[in-house]
Structure formats: C-alpha cells, structure tokens
Amino acid sequence: MRLLQQLQPYIFPPACPTCKKVHVTRAINTKPANINLAEQYDCCADCLQNIHLAQISTCYHCGITLPESLAPGPCGHCLTQPPPQQHTRNVFVYRDTVRTALLAWKLQGQSTGLHWLLQSSTPTLQQIFSPNDLLIPVPMPLSRMRRSGLHHSADLCQRIAQITSSQVCHTLLRRTGNHTRQSSLKGKQRLSNLRKAFMLTNDYQTQLDKYNVQGKIWVVDDILTTGATLRHACKVMKKTQHPIFAFALARTPSNT
Ligand SMILES: [Zn+2]
Ligand SMILES: [Zn+2]
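Okay, here's the thing in structure tokens:
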C-alpha cells in the first residue's frame with residue numbers, strides 16, 4: 007500500500023487544480039503569505055505566484071483599499087454615507103489564478119480550483135468566521151439560477167461552513183421579481199435595479215430565533231465589484247436588528 011502511495015505521483019502525475027496542467031515539479035517556497043503550506047504543493051508554481059491576496063490596508067467598513075496611512079478608514083465615502091454593514095472582508099483579488107478558478111466554477115461548474123483556494127485559505131477563513139456565525143448567501147434571481155443550475159453564493163457558503171463550522175441560512179433573504187442581470191446595467195440603472203432586489207421572508211424573526219445566532223451574521227457573495235449588491239443586501243438584512251457583516255471571496259482589481 008505504501009509503495010502504491012509512493013508510486014502514485016509517477017502513475018498519476020499531479021495536475022494543477024487551477025490551470026489543470028500536469029506538473030512534475032511542485033511549487034516550493036513560492037507561496038503568497040496566508041496560503042496554507044500543506045496545500046500549496048498541489049498548485050503549479052506559475053498559478054501559485056499569480057494568486058493575489060486582498061490587501062489588509064482597507065476601509066474597515068466597505069473593504070476598498072486605502073493608502074496604508076488611512077487604513078482602517080473610514081474612507082471618504084463611508085465617512086459621509088456609512089454602509090449598512092459593520093465590516094467587509096475579502097480574501098483574494100479577482101485576477102489571474104483566482105479569476106480563472108472562479109470562472110471555471112461559475113461558467114463551467116468545475117470547482118476543483120475553488121475547492122483548492124478555499125482549502126488553502128483555511129487559516130484565514132477560520133480567523134474571519136466562527137462556528138457561532140450565520141452565513142447568508144446573496145440570493146440570485148431565479149431565472150439566472152435556472153440557467154446556471156447552481157446558486158453560486160449558496161454553494162460558496164456551504165463550502166465555507168464546512169471549513170469554519172458556521173451555520174448557513176438560505177431562506178431568510180430573498181430576491182424579488184426583478185431579474186435584470188446586474189452586469190448588463192450601468193450606473194443609475196444598476197442602483198435602481200438593486201434598490202428593490204432583496205427582501206426578508208415574512209417569518210424571518212422565527213427563522214432567526216431558530217438559529218439563535220451568538221456570533222456574527224454575514225452576507226456572503228463570491229465576487230465584489232462595486233460593492234453595491236452587498237450593500238443593498240446588507241441594508242435589507244439590517245431590518246433584523248442584528249449587526250451585519252459582509253464577505254466576498256474576491257474583489258475586482260478596480261477596487262484596489
Ligand atoms: Zn497551474
Ligand atoms: Zn469605506
């Protein structure tokens with residue numbers, strides 16, 4: 007059995023979980039900080055070097071990057087218009103390896119890269135989320151869910167919960183009837199589309215009582231672009247009278 011294990015890399019050479027290239031030389035000492043040492047060996051050196059971690063000098067409230075001297079904010083925008091969420095966290099910047107992995111998951115249903123990214127970020131995720139926390143996926147319009155066959159933020163919540171032992175509730179926050187895709191809209195249109203996009207279920211208080219949340223309530227999305235979607239979802243969640251926190255696994259480089 008041991009011999010078989012030793013021979014395995016030669017019979018089945020390891021493939022990189024994000025670019026899928028078979029590689030014999032494994033990545034050593036090229037990892038970005040916070041990538042779990044035990045997991046780094048699965049990833050090829052090129053992909054590993056192109057993982058960009060979200061900067062820590064960000065506005066505490068909305069998560070945008072600030073000059074180090076101004077962090078943790080609030081940024082100018084949050085100073086004049088404080089967001090509904092208390093705090094926004096991201097793990098990665100949405101580019102290169104992370105973008106490839108997330109697109110494979112979202113467009114082709116291939117989750118190997120995402121799984122690897124989450125596993126390798128276990129210490130960071132366990133530092134952000136506690137077993138007492140409740141995760142609320144940003145709900146997706148039903149029409150889009152039918153098209154893609156997967157509710158991405160709900161899937162992400164389940165995967166995070168497996169790592170952090172947090173609870174997940176899919177039924178508290180709902181999407182209303184407006185099905186226009188956010189990415190197909192611009193500026194003001196986008197905002198007015200979002201303004202009425204979310205609602206709480208009628209029995210939200212009963213549901214919350216059932217979960218008996220002792221920790222934080224997080225609204226969770228996969229990718230943060232302008233932050234508007236998370237902000238509106240958090241605004242609706244604030245009606246629960248709980249402090250609300252926001253999380254997106256990656257944020258686009260335009261916010262860095
Ligand atoms: Zn690779
Ligand atoms: Zn801010």
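Residues 7 to 262 in the working numbering are what the sequence shown spells out, letter by letter. All C-beta atoms, glycine included, are put in the ideal place defined by N, C-alpha and C.
For ligand 1, is there a heavy atom less than 8 Å away from the beta-carbon of D139? no
Between the CA atoms of D48 and A21 - distance to the nearest angstrom: 7 Å
With 16 other Cβ atoms within 10 Å as the buried cut-off, status of A33: With a pLDDT of only 48 at A33, under the threshold of 50, the placement of this residue in the model should not be trusted; the figure read from the coordinates follows. With 16 or more Cβ atoms within 10 Å of its Cβ, A33 is classed as buried.
Between which two residues does the beta strand (DSSP E) carrying R101 extend? Unbroken run through R101: none, as it is neither H nor E.
Let me confirm a value: H248 is counted as buried when at least 16 other C-beta atoms fall within 10 Å, else exposed. Which label applies? exposed
Would you give the residue range spanned by the alpha helix (DSSP H) that A167 belongs to? 158-170
Are V97 and L255 touching if we call contact CB-CB under 9 Å? yes
Apart from the five residues just before and just after K27, which ones in its own chain have a Cβ nearer than 7 Å to its Cβ? A21, C50
Please specify which runs of the beta strand (DSSP E), each continuous and at least 3 residues long, are wholly inside the region 186-244, giving them in chain order. 204-206, 223-230
Can you list the beta strand (DSSP E) stretches of 3 or more residues lying completely in the region 69-102, in chain order? 94-99
Report yes if the CB atom of M205 is closer than 9 Å to the CB atom of L179, and no otherwise. yes
Of all the options K241, V104, V219, E74, which has the alpha carbon lying nearest to the alpha carbon of H121? V104
Could you give the DSSP three-state label for A33: helix, strand or coil? With a pLDDT of only 48 at A33, under the threshold of 50, the placement of this residue in the model should not be trusted; the figure read from the coordinates follows. Reduced to three states, the DSSP call for A33 is coil.
With distances taken from CA atoms, which of P89, L200, H158, L140 is nearest A110? H158
Ligand 2 heavy atom lying under 8 Å from the CB of C50: no
What's the gap between the Cα of P240 and the Cα of L214? Position check: residue 240 holds Cys in this sequence, whereas Pro was assumed. Distance between the alpha carbons of C240 and L214 is about 15 Å.
How is Q247 classed by DSSP in three states: helix, strand or coil? coil
Residues near ligand 2, CB to any non-hydrogen atom under 5 Å, in chain order? C65, H67, C68, C81, C84
Cβ of F253 within 9 Å of Cβ of T94? yes
Could you give the residue range of the alpha helix (DSSP H) that holds P143? Where P143 is concerned, there is no enclosing alpha helix (DSSP H), although the beta strand (DSSP E) it sits in stretches over 140-143.
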